[in-house]
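First residue of the sequence shown: 77, per the working numbering; consecutive thereafter.
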Amino acid sequence: MNYSLYLIDDRLVIDLGAGEKSQHKAFSGVPELLETHTFCEEPIGQVEITDEQLKKIKVSFHNGGLCHYCGESANKLRPSPFMGDISSMCKECWDATRREYAASHDEHIGAFEDYPHWKGNTDEAQ
C-alpha cells in the first residue's frame, strides 16, 4: 500500500491516517501522533509499505509512544518500576534508572527487555 511522505521539522514522516481526535498516526522511525493541521502542506512523495512492514509499525504503536520521563517517542515503552507511578519509560530512561537505583539502593530492577506484556513479543516482531 502507498502512504504519503511529508517533511516535518526536518524529518521524513509517513502519514498513516486518522488517529485519535484531531490527530494522525505517523511514523518517522518511531510511532507518533501528530496534529492533523501538521499535514496541511503537500506531501513530498509516496512510500510503499508492505503488509509485513505495516504490521511491525502497528505493533510499535501498541507497544510504544511517548516516554513520560524524557519526552521522546520510542518504539517500546514499559511501565515504571516504581509502585504508584503510572508513567511509562523508554529503554534509555529505564537503563539509566536501573543503574542509578542499583548504585543508591543496592537493589536490582529487572532488564527492560524482560517485560512479557508487549504485543507481538517475538523475535520477528521486534
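Glycine included, every Cβ here is placed at the ideal spot set by N, Cα and C.
Coil, strand or helix - residue i by DSSP
i: Asn78; result: strand
i: Leu130; result: helix
i: Glu200; result: Because the pLDDT at Glu200 is just 42, under 50, the model does not fix this residue reliably, and the value given afterwards should be weighed accordingly. Coil, per DSSP.
i: Ser156; result: coil
Nearest-angstrom Cα separation, counted from residue j out to residue i
i: Lys195; j: Ser136; result: 9 angstroms
i: Ala179; j: Thr173; result: 10 angstroms
Residues of its chain near residue i, where Cβ-Cβ distance is below 8 angstroms and the 5 sequence neighbours each way are ignored
i: Ile162; result: Pro155, Ser156
For residue i: DSSP bridge partner residues
i: Leu110; result: His100
i: Gly141; result: Ala150
Proximity winner among the options, relative to residue i (alpha-carbon distances)
i: Phe158; options: Gly147, Asn151, Lys152, Trp170; result: Trp170
i: Glu128; options: Asp182, Gly147, Glu189, Met77; result: Met77
i: Glu124; options: Ala179, His184, Tyr79; result: Tyr79
Own chain residues within Cβ distance below 6 angstroms of residue i, not counting five before or after
i: Pro107; result: Ser136, Phe137, Gly140
i: His144; result: Ser163, Ser164
Beta-carbon contacts of residue i that lie in its chain and below 7 angstroms, excluding the five residues immediately before and after
i: Leu88; result: Leu81, Ser104
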